[in-house]
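One structure is given here, and the rest of the page talks about it.
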Amino acid sequence: MAKTNITIKNIALELGISASTVSRALNDHPRIGTKTKERVRELAKKLHYVPNPAARLLKNNKTLKIGILLPFLKEEFFSMAISAIEDAVLPHNYHVMVSQSRDNLEREKKMVDAFISTRIDGLIVSVSAETNHYGHFKVLEDYGIPVVFFDRVPRNFEANKVHSNVTTGTIAVIQFLVNKGIKKIAIINGPGNLQASDERLNGYLETINKFGLSTSQKYIKSSNLTREETTKGMFELCDLTERPEAVLTFNDYVALDAMAACRQKGLIPNKDILFVSFANLPFTSLLENPPMASVEQFPSVMGTRSAELLLTRMQSDEPLPYEEIVLKSELRIH
């Protein structure tokens with residue numbers, strides 16, 4: 001095989017490891033074991049693998065392909081974001097390649113490896129519910145591929161980010177409930193690895209404390225965003241002696257699962273327990289009994305701003321500092 005045809009992917013396939021592991025081994029990453037490094041280097045030498053200086057092949061030879069990695073393609077929020085991203089990059093002659101992690105960390109890593117092999121010029125990503133470390137995204141930067149996180153952005157991780165102001169949205173929706181005379185408010189939050197989960201909880205606690213309402217831990221539930229986990233949390237809330245009068249959920253999809261669980265307990269959503277949420281997705285307008293209120297997060301605007309941020313970085317000859325764009329959120333009452 002000619003040495004110009006040998007890639008990191010070829011080495012990874014032959015050794016049965018990921019392309020990101022091969023990249024780290026070749027770059028003497030401290031997290032890669034000595035034996036793995038030796039195996040990778042020996043095979044690279046045997047196959048006459050010659051890396052482009054600083055793996056910068058992808059940086060210097062544009063493919064005009066942008067990757068988009070999302071938890072689920074079926075979710076309306078993400079489909080709206082995809083359309084906006086595509087509209088923003090097409091005038092610049094880029095086309096998009098879309099994949100989904102299905103909220104699974106290992107699948108997310110495989111999709112990143114696949115994007116590297118496909119030689120994308122940049123990646124826009126909303127992380128999975130399981131993602132609690134981000135080394136696989138750092139590998140992209142080793143290749144000179146800029147990454148922009150949007151909506152589900154990682155917490156405590158320096159990166160390009162585009163997301164809505166979840167804290168102010170949470171404060172607004174709880175203020176709405178308080179104005180209706182509601183005093184016992186619970187929350188079904190998202191995974192702790194997401195910055196949005198932190199912001200929801202902070203906004204919830206800030207507003208609950210401001211009005212002197214109960215901050216009992218029994219009213220605070222979290223979900224990995226599966227129906228099973230949400231149902232479990234909602235059942236626990238329904239079984240409380242002092243049942244909450246209202247529940248704030250991570251998004252509209254979690255709200256629907258929680259409302260279904262409420263019905264299973266013989267209760268009537270938005271009568272026995274009020275429901276409020278995030279996203280304000282268009283499909284909720286078709287429901288006979290949607291969440292009473294939802295915080296609009298403008299997925300199309302988020303997609304456009306993410307694309308613009310990525311384009312700036314792909315078109316720059318010099319590395320640019322990380323940027324975080326925080327969009328406004330607005331309460332919508334149904």
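With UniProt numbering, letter number 63 in the sequence shown gets 63, and the count goes up by one each step, no holes. Backbone N, C-alpha and C define an ideal beta-carbon position, used for all residues, glycine too. The model shown is predicted, which means the values in this text are computed figures rather than measured ones.
Between residue 255 and the rest of its own chain, which residues show a CB-CB distance below 6 Å, the 5 nearest in sequence each way excluded? Locating residue 255 in the sequence shown gives position 255, where the first residue counts as 1. Hits under 6 Å: 249, 275, 277, 291.
Decide if the segment 251 to 267 is in contact with the segment 153 to 161; the criterion is three or more beta carbon pairs, one per stretch, under 8 Å apart. The answer is no - the segment 153 to 161 does not touch the segment 251 to 267, with fewer than three Cβ pairs under 8 Å.
Whole-angstrom distance between residue 190 and residue 98, CA atom to CA atom: Position 98 of the sequence shown, counting from 1, holds the residue named residue 98. Position 190 of the sequence shown, counting from 1, holds the residue named residue 190. Taking the straight line from one Cα to the other gives about 24 Å.
Distance, residue 106 Cα to residue 113 Cα: One-based indexing of the sequence shown puts residue 113 at position 113. One-based indexing of the sequence shown puts residue 106 at position 106. A direct Cα-to-Cα measurement between residue 113 and residue 106 gives close to 11 Å.
On a Cα-Cα basis, can you pick out the residue from 116, 128, 320, 214 that is closest to residue 66? As a working note, residue 66 is residue 66 in the sequence shown. Per the Cα distances, 116.
For residue 81, report the span of its alpha helix (DSSP H) as first-last. Position 81 of the sequence shown, counting from 1, holds the residue named residue 81. Membership of residue 81 in the alpha helix (DSSP H) is indicated by the continuous run 76 to 89.
What's the call for residue 212, buried or exposed, on a 16-neighbour Cβ count within 10 Å? Stepping through the sequence shown from its first residue, residue 212 is reached at position 212. By the 16-neighbour rule on beta-carbons within 10 angstroms, residue 212 is exposed.
Is it the case that the segment 295 to 310 contacts the segment 127 to 141, given that we only count it when at least three CB pairs across the two stretches are under 8 Å? Taking 8 Å as the limit for Cβ pairs, the verdict is that the segment 295 to 310 does not touch the segment 127 to 141.
Report back the beta-carbon spacing between residue 329 and residue 168 to the nearest angstrom; my notes put them in contact at under 8 Å. If you number the sequence shown from 1, residue 329 lands on position 329. If you number the sequence shown from 1, residue 168 lands on position 168. Taking the Cβ atoms as the reference, residue 329 lies roughly 6 Å from residue 168, within the contact range of under 8 Å.
Residue 312 - partner residues in DSSP beta bridges: Position 312 of the sequence shown, counted from the first residue, corresponds to residue 312. The partner list for residue 312 (beta bridge, DSSP) is empty, contrary to what the question assumes.
Pairwise C-alpha distance: residue 34 and residue 88: The count along the sequence shown starts at 1 and reaches residue 88 at position 88. The count along the sequence shown starts at 1 and reaches residue 34 at position 34. Near 45 Å, if we compare the C-alpha coordinates of residue 34 and residue 88.
Best match in 153, 16, 73 for proximity to residue 324 [C-alpha to C-alpha]: For the purposes of this step, residue 324 is identified with residue 324 of the sequence shown, where counting begins at 1. Checked all of 153, 16, 73; the closest Cα to residue 324 is 153.
Enumerate in chain order the residues of its own chain whose CB-to-CB distance from residue 269 is below 7 Å, with the five nearest sequence positions on each side excluded. Translated into positions along the sequence shown, residue 269 becomes position 269. So the list reads 259, 262, 263, 275, 289, once near-sequence residues are dropped.
Spatial distance of residue 242 from residue 82 (CA atoms): Taking the first residue of the sequence shown as position 1, residue 242 is located at position 242. Taking the first residue of the sequence shown as position 1, residue 82 is located at position 82. Rounded to the nearest angstrom, the two C-alpha atoms are 43 Å apart.
Can you list, in chain order, the residues of its chain with a C-beta nearer than 6 Å to that of residue 69? Leave out the 5 residues immediately preceding and following it. Counted from its first residue, the sequence shown places residue 69 at position 69. Only 99, 111, 125 meet the Cβ criterion.
Proximal residues to residue 54 (C-beta, below 8 Å), its chain only, five neighbours per side dropped: Start at 1 with the first residue of the sequence shown, and residue 54 comes out as number 54. Unreliable positioning characterises residue 54 in this predicted model, as indicated by a pLDDT of 42, which lies under 50. The coordinate reading is nonetheless provided below. Counting only Cβ-Cβ distances below 8 Å, and skipping sequence neighbours, we find 144.
Could you pull out every residue in the same chain whose Cβ sits closer than 7 Å to the Cβ of residue 141, ignoring the five residues on either side in sequence? Start at 1 with the first residue of the sequence shown, and residue 141 comes out as number 141. For residue 141, same chain residues with a beta-carbon under 7 Å away, outside a window of 5 residues either side, are 147 in chain order.
Pull the bridge partners of residue 277 from the DSSP assignment, please. Locating residue 277 in the sequence shown gives position 277, where the first residue counts as 1. Answer is 294, bridged to residue 277.
Sequence-distant residues of its chain with Cβ nearer than 6 Å to residue 196 (five each side left out): Sequence index remark: in the sequence shown, residue 196 carries index 196 (1-based). The residues are 166.
Other residues of its chain near residue 22: CB distance less than 7 Å, five sequence neighbours each side excluded: The sequence position of residue 22 within the sequence shown is 22, counting from 1. Non-local C-beta neighbours of residue 22 in its own chain, meaning closer than 7 Å and more than five positions away in sequence, comprise 8, 11, 12, 40, ordered along the chain.
One or two residues paired with residue 189 in a DSSP bridge: On the sequence shown, residue 189 is found 189 positions in, with the first residue counted as 1. Its beta-bridge partners are 222.
Range of the contiguous alpha helix (DSSP H) that encloses residue 140: By 1-based counting over the sequence shown, the position of residue 140 is 140. For residue 140, the uninterrupted alpha helix (DSSP H) run begins and ends at 135 to 142, by DSSP.
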